[in-house]
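In this note's numbering, the protein residues as written are 4 to 149. Encoded as structure tokens, the structure appears first; notes follow it.
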Amino acid sequence: MLIPAALVVALGAGVPLIFQGGASSSATFPQGVALPAYVRGASLKVKAAYADAIQHASVLQYIPCWCGCGQHSGHTSVHDCFVQYGHLSGGTVAFDEHGANCDMCVELVQDAKRLTEDGQTIRQVRQYATAKYGTYGPATNTPPAP
């Protein structure tokens, strides 16, 4: 399911949450979103990936994942590794636990966020991800980038 950009923007108005690690960092989740224990107890890197999956859904829904989740979990993109398919609407987020336990998924989100913030298009982000991760395993059945 493709997520309208307007919905992502509406959900992006959130509350910064500060997590203590070796140094202070922050991840912003939409206001009122209840975080499951596996996100609350995760490393800062994983928490940031979950926040980024919400904020960058309009990009991540077009980025495949190569960890095998398409086969064992029915995911269609790396976005599904963090937010359950079709469950980012009306301010409600249904998280998927898979992303909390998969380094490849977290790295894919980090790469996509960085490249998007550097001005890369969705197609360029997807090309980069395919070149970097494409040999690791079967890709999810992800729709083509616009």
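Think of the CB as a built atom: it goes at the ideal place given N, C-alpha and C, for glycine as much as any other residue. Everything numeric in this text was worked out from a predicted model, so none of it was measured.
Cβ-Cβ distance between residue i and residue j below 8 Å
i	j	result
residue 138	residue 79	no
residue 66	residue 145	yes
residue 131	residue 107	no
residue 53	residue 62	no
residue 158	residue 96	One cannot answer for residue 158 here, as it falls past the ends of the chain, which runs 4 to 149.
Bridge-paired residues (DSSP) for residue i
i	result
residue 98	86
Under the three-state DSSP convention, the category residue i falls into
i	result
residue 30	strand
residue 65	coil
residue 138	coil
residue 114	helix
residue 105	coil
residue 72	helix
residue 60	helix
residue 47	helix
Classification of residue i by the beta-carbon crowding that lies within 10 angstroms, buried from 16 upward
i	result
residue 55	buried
residue 117	exposed
residue 129	buried
residue 186	Not covered by the structure: residue 186. The range shown for the chain is 4 to 149.
Rounded Cβ spacing between residue i and residue j (contact assumed at less than 8 Å)
i	j	result
residue 99	residue 83	6 Å
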